[in-house]
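Student: Below are the structure tokens for one structure; questions will follow.
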Amino acid sequence: MLKFLTILKVGMKAIARNKLRSALTALGIIIGVACVIAMIAVGGGAQAAVQAQINSLGSNFLMIFPGIATQSGARIFTGQSTITEDDVAAVKAECPAVAYVSPAVRSAGQIVAGNGNWGTSVQGVGVDWPFIRSWNVEKGAFFGDSEVRSAAKVAILGATVANSLFPDGNAVDQMIRIKNIPFKVIGVLESKGGSTMGQDQDDTVIAPYTAVMKLLKRTTKIDMFMASATSRDTVDEAQTQIEALLRQRHRLQAGQDSDFMIRSQQEIAQTADQTSRQMSALLAAIASISLLVGGIGIMNIMLVSVTERTREIGIRMAIGAKGRDILTQFLIEALSLSIAGGAIGIALGIGTSRFLAWKQQWPIVLSPTAVLLAFGFSAAIGVFFGFYPAQKASRLDPIEALRYE
Amino acid sequence: MVAATAVIRIEDLTRVYQMGEVEVRALDGISLSIEPGEFVAVMGPSGSGKSTFMNIVGCLDRPTSGRYFLDGVNVSGLDRDERAEIRNGKIGFVFQSFNLLARTSALENVELPLIYSSNGHRSKSREEQARRSLEIVGLAGREEHLPSQLSGGQQQRVAIARALINEPKLMLADEPTGNLDTKTSEEVMAVFQKLNDSGKTVVLITHEQDIAQYAKRVVLFRDGKVVEDRPVTSRRTAEART
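Protein chains in written order, with numbering that gives the first Met the number 0: chain A, 0 to 404; chain S, 0 to 241.
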């Protein structure tokens, strides 16, 4: 043990003697570990944020998309929406577990108000939309059934749009032009704040779906519809009821695939979770490669170091160092470099994550497991890539080594 | 009749190198005995086998055949690690090119063999021993100097202090004055004579006649054989200087 401690000291001294080279060698590991930690923090943060955003949709939220029509076992994409306004109305009327429904039509266009000009998305929805999304109007009012029936040219602005077109805050009752069609602003939505993926949820305009269909998209089909169950516990029930009703209305035989898809909030969350998980894994994989390259850097330097110090090894052997002692010494050097690099890398990785969180407002999640893992991995790299050079050193012939110039 | 165990007893020792197809008999059946307290100069032209002899006597190499007793123990069949232990405990090496660790203080250089000794020394006692060793070779006060800050003669004396520290049975010096001028050579030889006077057994490998004159006995090698073994007449005494 005493001998081990002494050899530990010898290894440390060798590192201290070559400060610049030691620092450069450790740099590979530092960058690798910092990358892994920052990537995992950013990836984890994105994952958490996506999750939070989806949860904000409400736990009893359902989306019904038109699907692919199936005929005699062959899937045929008709290019036509299979869901109609009547389907939506029927769901509301006949499914007891469904509280609210709203058709949805998406469009986008240039919004002009006076000198203001703003390109954004326009969502056509029904009167239940504020209840489904639990998103309220802050100023003015939402539209009602009569506006939907008459495809009235009225609009509710998201907070971002309202602020940019009407910086004075007097948006309500003003006229705007969407794709050159005049609409009257009747309300402004409360701010939901920015979302992940750089999307600003408030950067949108809401209008009756009938108006969007007729005037902006010139179509008679809705894109999809949303529904909400009466409570958290009735989501599955609502889903079953909607499915049964739509199958019946679309005259689908038993065994035939549905021509629509129902996605619950949980499913959306799962999909998004999976996507961001894959994303994090990809980021971590890329970062791991840099860690691997760092390890090869250590091996490279240790090999050079062994060659360069052949004579030193010879001297040590001549005065009684065993192969094992030399092996230990060089292994300790490699291990110290990688562990020190790992420690600095962890600090740098955490610092980088914090900086991104502060400067870029990126959500980050620092997981202690990732930190421990990165640290353990860097130590393992030290042993793995340090072993070959150390073994090479320990097997030198003292006579040859002493003669080495 | 022999009062003490011979430090070195060699019986019919050979060392054969295989150079491709050709066999080179570097040592060709030599027998030799060196008693405690002797000061032997091993001489011979290059290629005579004196380096091979030193490697085997120093337990850096193993003989092809024959037996070698170091301090009464047969060491001819020991493996790498066992030989390392013998080198550490019983042999003190001094080389032609000093072989000190660069950028390492004199004191630390001298301490080095203790690091690898199996009976483990605390760093305090290591330092004390190293100081004493440096004092013996007349370098007290130079403990913290780096090899690059010392003259050749001083570096060689640090190397001697290092060889001394484990109180070896045998001091083995391979051309210790080969890199030194005449005056410094004398300074180094004075240290060896002083050590020999205090009872150390010294084996000195050299090709210089004047250096051999400092020893008490000369063994001459030629073509892997001992061709002459005689006591030194008109022995020189080196003037110690500091």
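Cβ atoms here follow ideal geometry from the backbone N, Cα and C, with glycine treated the same way.
Which value, in whole angstroms, describes the spacing of the CA atoms of Y115 of chain S and D324 of chain A?
Tutor: Distance between the alpha carbons of Y115 of chain S and D324 of chain A: 8 Å.
Student: The stretch 330-346 of chain A: which residues have C-beta closer than 9 Å to a C-beta of chain S, in chain order?
Tutor: So the list is empty, because no residue satisfies the distance condition.
Student: Where does A228 of chain A fall in DSSP's three states?
Tutor: A228 of chain A falls in the strand class under three-state DSSP.
Student: For L69 of chain S, go through chain A and note every residue whose CB falls closer than 7 Å to its CB, in chain order.
Tutor: By Cβ distance, chain A contributes nothing, its closest Cβ being about 14 Å from L69 of chain S, past 7 Å.
Student: Within 10 Å of its beta-carbon, does M11 of chain A have 16 or more other beta-carbons around it, so buried, or fewer, so exposed?
Tutor: M11 of chain A should be labelled exposed.
Student: Taking C-beta pairs closer than 8 Å, name the residues in chain A that R102 of chain S reaches, listed in chain order.
Tutor: The contacting residues are R16.
Student: Which residues does DSSP pair with I110 of chain A in a beta bridge?
Tutor: According to DSSP, I110 of chain A bridges with A:W117 and A:I177.
Student: Please tell me whether M11 of chain A has its Cβ less than 9 Å away from any Cβ of chain S.
Tutor: Cβ-Cβ to chain S under 9 Å: no for M11 of chain A.
Student: Using Cβ-Cβ distances below 9 Å, what residues of the stretch 306-325 of chain A are close to chain S?
Tutor: For the stretch 306-325 of chain A, which is checked against every Cβ of chain S, the residues closer than 9 Å are R310, E311, G313, I314, R315, M316, A317, I318, G319, A320, K321, G322, R323 and D324.
Student: By the criterion of Cβ-Cβ separation under 7 Å, what are the contact partners of L59 of chain S in chain A?
Tutor: Within chain A, the residues near L59 of chain S are A317, P397 and I398.
Student: To the nearest angstrom, report how far apart I159 of chain S and N108 of chain S are at their CA atoms.
Tutor: Computed Cα separation, rounded: 11 Å.
Student: Any contact between the stretch 68-78 of chain S and the stretch 39-51 of chain S? By contact I mean 3 or more CB pairs, one from each, below 8 Å.
Tutor: Verdict: no, contact absent.
Student: Among A:Q52, A:S337, A:I28 and A:G340, which one has its Cα closest to the Cα of I267 of chain A?
Tutor: Considering only alpha carbons, the answer is A:Q52.
Student: Do we get a CB-CB distance below 9 Å when we pair D80 of chain S with the residues of chain A?
Tutor: Closer than 9 Å: yes.
Student: For the stretch 31-109 of chain S, list the alpha helix (DSSP H) runs that are entirely contained and at least 4 residues long, ordered along the chain.
Tutor: Within the stretch 31-109 of chain S, the complete alpha helix (DSSP H) runs of at least 4 residues are 49-56 and 79-89.
Student: What's the C-alpha gap between G19 of chain S and A25 of chain S?
Tutor: Going from the Cα of G19 of chain S to the Cα of A25 of chain S covers about 15 Å.
Student: Between V35 of chain A and D199 of chain A, what straight-line distance do the alpha-carbon atoms span, to the nearest angstrom?
Tutor: In a straight line, the C-alpha of V35 of chain A is about 29 Å away from that of D199 of chain A.
Student: Taking F220 of chain S as the query, report the chain A residues whose CB atoms sit under 9 Å from its CB, ordered along the chain.
Tutor: Simply none; closest approach about 18 Å.
Student: Does the stretch 263-281 of chain A come into contact with the stretch 363-383 of chain A, if we say contact requires no fewer than three beta-carbon pairs (one atom in each stretch) closer than 8 Å?
Tutor: They do not touch, by the three-pair rule.
Student: Please identify the residue among A:I110, A:E146, A:A210 and A:G123 whose C-alpha is closest to the C-alpha of F165 of chain A.
Tutor: It is A:I110 whose Cα lies nearest to the Cα of F165 of chain A.
Student: Skipping 5 residues on each side, what residues in its chain have a beta carbon closer than 8 Å to that of T195 of chain A?
Tutor: Because T195 of chain A sits at a pLDDT of 48, beneath the cut-off of 50, its placement in the model cannot be relied upon, and the point is left open.
Student: Considering V15 of chain S, what are the terminal residues of the beta strand (DSSP E) in which it resides?
Tutor: Here the beta strand (DSSP E) through V15 of chain S covers I7 to M18.
Student: With a threshold of 16 other CB atoms inside 10 Å of the CB of P95 of chain A, please say whether the residue is buried or exposed.
Tutor: So P95 of chain A ends up on the exposed side.
Student: Closer than 8 Å is the cut-off here; do at least three beta carbon pairs connect the stretch 214-231 of chain A with the stretch 84-99 of chain A?
Tutor: Taking 8 Å as the limit for Cβ pairs, the verdict is that the stretch 84-99 of chain A does touch the stretch 214-231 of chain A.
Student: Mind pulling the chain S residues with CB within less than 8 Å of I6 of chain A?
Tutor: Going along chain S in sequence order, the residues near I6 of chain A (Cβ under 8 Å) are I114.
Student: Does L19 of chain A get closer than 9 Å to chain S when you measure Cβ to Cβ?
Tutor: No, no contact with chain S.
Student: Do you know offhand how far G152 of chain S's Cα is from T351 of chain A's?
Tutor: Distance between the alpha carbons of G152 of chain S and T351 of chain A is about 56 Å.
Student: Give me the Cα-Cα distance between L156 of chain A and Q122 of chain A, rounded to the nearest whole angstrom.
Tutor: If you take the alpha carbons of L156 of chain A and Q122 of chain A, they lie about 10 Å apart.
Student: Where does E137 of chain A fall in DSSP's three states?
Tutor: Strand, per DSSP.
Student: Under the three-state reduction of DSSP, which class applies to P254 of chain S: helix, strand or coil?
Tutor: With chain S covering 0 to 241 only, the question about residue 254 of chain S has no answer from this structure.
Student: Report the residue from S:I9, S:A162 and S:R229 whose alpha carbon sits nearest the alpha carbon of L106 of chain S.
Tutor: For L106 of chain S, the nearest C-alpha among the options comes from S:A162.
Student: In whole angstroms, what separates the C-alpha of M0 of chain S from that of K224 of chain S?
Tutor: Residue placement at M0 of chain S is poorly supported in this model, since its pLDDT is 44, which falls under 50; the coordinates are not used for a value here.
Student: Beta-carbon of T195 of chain A versus every beta-carbon of chain S: anything under 9 Å?
Tutor: Because T195 of chain A carries a pLDDT of 48, less than 50, the predicted location of this residue cannot be relied on, and the following value inherits that uncertainty. So no, T195 of chain A is outside the interface.
Student: Would the stretch 120-131 of chain S count as touching the stretch 171-178 of chain S if we require 3 or more Cβ pairs under 8 Å?
Tutor: No contact exists between the stretch 120-131 of chain S and the stretch 171-178 of chain S.
Student: Can you list, in chain order, the residues of its chain whose CB lies under 6 Å from that of A5 of chain S, leaving out five sequence neighbours each side?
Tutor: If we look at A5 of chain S and ignore the five residues flanking it on each side, its Cβ neighbours are S32 and E34.
Student: Output needed for G118 of chain A: all residues of its chain with C-beta closer than 8 Å, excluding positions within five of it in sequence on either side, in chain order.
Tutor: Hits under 8 Å: A107, G108, Q109 and I110.
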